[in-house]
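Just below is one structure, and these are the notes that go with it.
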Amino acid sequence: MIGKLRRLSGRGPAVPFVYHPDYRRELAGIPLDAMRGERVLAFLFEEGLIRPKQVSLPRPASIENLRRVHSPEYLRSLEDPAEVGRVLGLTLRSEEAAAAVALQRLMAGGTIQASRLVRRSGGVAVHLGGGLHHAGPDRGTGFCLLNDVAVAIERLRARGMRAPVLVVDLDLHDGNGTRAAFARDPTVHTFSIHNERWDQVEALADTAVEVGAGVTDERYMEALRSALPPVVASHRPGFVFYVAGADIAATDAYGDAEVSGRGILARDQFVFDALRAHDPGIPIVVVLGGGYGATAWRVPARLSGWLLTGRTLEPPDDLTAALQRVRWLDRIGDPGSPKTTTDRAADALFSFSAEDLGALGVGDEEERLLLGRYSLEEVRRQLDRFGILPQLRARGYMEPKVELVASTGFGPTVRVFGSPERSPLVMELRVALDRSRIPGMTLLGVEWLLLQDPQAEFTPWRPPLPGQDHPGIGVLADVVAWLVTVAREMKLDGLGFRSSHYYIAALAHRHLRFVDPRRKGEFAVIQRATEHLSLAEASRAVAEGRIEDLATSTPIEWVDVAMVVPLSDALRRSIGD
């Protein structure tokens, strides 16, 4: 049951959210998490903080509104795939360029929608997108084609809003496009703290603070505390846009800052405290801005949770988040799914028992069904529903090809290639019904799982792990969430893996349990012995036999260690979960 909606510290109406499922398209080759908005909403839904009806769907910004900021010549230039590709740093086909423009036009509409929601009532609206702050009136750059915040401000002006506007831009990168858009307008103050300045444009109302690379919590907060309150006091804004960038996080895949998750939430809280000290009811629109990698969604999740409750709520781990996201889509109805209402309620695709399946993986070779039941189209739809294919597209694999191979001696296989030409291979999965690993239990056994990004390169801070030919592609939690859902709907006891390398167990031990208690003890020994090492170094130490069993003084050998995600009460009792 959904809990009662918590009000924003008793200060007014509940926080509205703006999001559109088409945001899942993201941009090919740009490593934004295509699922981050949905992960945030699912987290808030699971916490009982929002209902689906509180999420407002935006419409694309009109050409009229875009022209309030961007020149007609520039907008016409976006009809050229080469110009769009220049801004995005990619080579694009016509349809890819059109999709990128359509996405950012929709996000511009999302920021307009958020500003509409709070203009008269005050309070806060959160747009789970936007923050495209590098796009200027006559030029796009830095992945940004259209400046959504500038467009929303000019629309407010066209609708008669005369109050001073403050743009607080705390993305890692300089808000240069927004500054250029309002360089000659003293009623819009653009405030930006960034690692380095992108241009030398001077504005009548602008504060630009450069903190350099490697900035820490303390240094960042020192800059914010000293610079923001004087601007609020002197400019006296009546409307605020807050670009709450997540790319200052130390965990960001492409950032060069070292700010902790706790430090980013402190940043957000300080911004709101400073604004509310000036005017408790001031309208504030939050947009996401930058944030790269699978953990970026946690930043807006923490902020949203705090806005709704006044408390710090820690988002869950990746697998739980992936499962939450699917429950959220089931609750609202996945717009990308052709299922009927009845199908959504029952999820009939997986609604049969283990007994109905017979020998898992034995199917008609000509029909090529996964697990004897799932057609290629059904598998493809599930990979899309669980966010796996959208994330591959966001990493530049625009036309992933899904292939289904009927059961062989290795089990039925799902392969996903990065292109219709069947190259490169980015995912390979083999599963089988496993009744032998734990007596009396039936598991969905993962015989083999390969997830790789052949287009990516290893780096000093992302070195190869044992057994890796290429870096991972960042969809492990979503694949496991899919398989857990399959096993749960099939009423199996659990999901079984064989951990061939120590790092697999280290990454997954929060969800996977050791079948053999001795292996659990060995894992604890390795953790203690390698706590000063990186995961890659620890895995190499284990693989090279440099970690010894304390009782026998012999090297701990880590080979095909059985682990499970327990789903049934019987299995939980069996392994002492």
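Each residue of the sequence shown is one higher than the one before, starting from 4 at the first, in my numbering.
Glycine included, C-beta positions come from ideal geometry on N, C-alpha and C.
Mapping the DSSP letters down to three states, classify residue i as helix, strand or coil.
i: T193; result: strand
i: G497; result: strand
i: D563; result: coil
i: D276; result: helix
i: V234; result: helix
i: S503; result: coil
i: A554; result: coil
i: R516; result: strand
i: S577; result: helix
i: A351; result: The predicted model places A351 with a pLDDT of 24, which falls under 50 and marks its position as unreliable, so this point remains unresolved.
i: Y245; result: strand
i: R62; result: coil
i: T219; result: coil
i: P569; result: strand
i: L454; result: strand
i: T144; result: strand
i: R71; result: coil
i: A211; result: strand
i: V18; result: coil
i: V489; result: helix
i: A184; result: helix
i: A541; result: helix
i: R549; result: coil
i: V170; result: strand
i: L536; result: coil
i: R54; result: coil
i: A459; result: coil
i: L35; result: strand
i: R465; result: strand
i: A206; result: coil
Does the distance from the C-beta atom of residue i to that of residue j stay below 9 Å?
i: A155; j: V21; result: no
i: D250; j: D174; result: yes
i: R516; j: I559; result: no
i: Q455; j: M430; result: yes
i: V564; j: D496; result: no
i: L149; j: Q107; result: yes
i: L212; j: T193; result: The residue asked about is misnamed: residue 212 is Val in this sequence, not Leu. Against a cut-off of 9 Å, the Cβ pair of T193 and V212 comes out as no contact.
i: V478; j: I550; result: no
i: M38; j: Q394; result: yes
i: F500; j: L452; result: yes
i: R122; j: P286; result: yes
i: A64; j: D141; result: no
i: R2; j: S195; result: In the structure displayed, the chain extends from 4 to 580; residue 2 sits before or after that span and is not available.
i: L306; j: V288; result: no
i: F273; j: L316; result: no
i: L322; j: A544; result: no
i: G470; j: S503; result: yes
Taking buried to mean at least 16 other C-beta atoms within 10 Å of its own C-beta, is residue i buried or exposed?
i: P442; result: exposed
i: L468; result: buried
i: Q385; result: buried
i: E525; result: buried
i: R27; result: buried
i: G92; result: exposed
i: R62; result: exposed
i: V419; result: buried
i: I66; result: exposed
i: D572; result: exposed
i: A554; result: exposed
i: A247; result: buried
i: H197; result: buried
i: L562; result: The amino acid at residue 562 is misidentified as Leu; the sequence shows Val. Looking at its Cβ environment, which holds fewer than 16 other Cβ atoms inside 10 Å, V562 is exposed.
i: G126; result: buried
i: A105; result: exposed
i: W201; result: buried
i: S118; result: buried
Taking residue i and residue j to be in contact with their CB atoms under 8 Å, please state how far apart those CB atoms are, rounded to whole angstroms.
i: A45; j: Q327; result: 4 Å
i: H137; j: G113; result: With a Cβ gap of about 18 Å, H137 and G113 do not count as contacting.
i: R42; j: W300; result: 4 Å
i: R239; j: H176; result: With 8 Å as the limit, R239 and H176 do not qualify as a contact, their Cβ atoms being about 27 Å apart.
i: D255; j: G313; result: In fact, because the Cβ distance is near 27 Å, the residues do not count as touching under 8 Å.
i: S542; j: Y506; result: 4 Å
i: L291; j: G139; result: Rounded, the Cβ-Cβ distance is 20 Å, inconsistent with contact.
i: V204; j: T190; result: Not confirmed; about 18 Å, so no contact.
Just to check, is the beta-carbon of residue i closer than 8 Å to a non-hydrogen atom of the ligand PLP?
i: D177; result: Absence of the ligand PLP is noted for the structure shown, with no ligands found whatsoever.
With a threshold of 9 Å between beta carbons, is residue i in contact with chain B?
i: I267; result: Looking at the structure shown, chain B is missing, and only one protein chain is on hand.
- Message: My parser needs the alpha helix (DSSP H) runs of 4 or more residues fully inside the region 255–324; what are they?
- Response: List check, alpha helix (DSSP H) in window: 264–281 and 301–312.
- Which ranges does the beta strand (DSSP E) cover as unbroken runs of at least 3 residues, wholly within the region 368–451, from first to last along the chain? 404–408, 416–420 and 428–437
- Item | Length at least 4, wholly inside the region 103–166: the alpha helix (DSSP H) runs in chain order | 151–161
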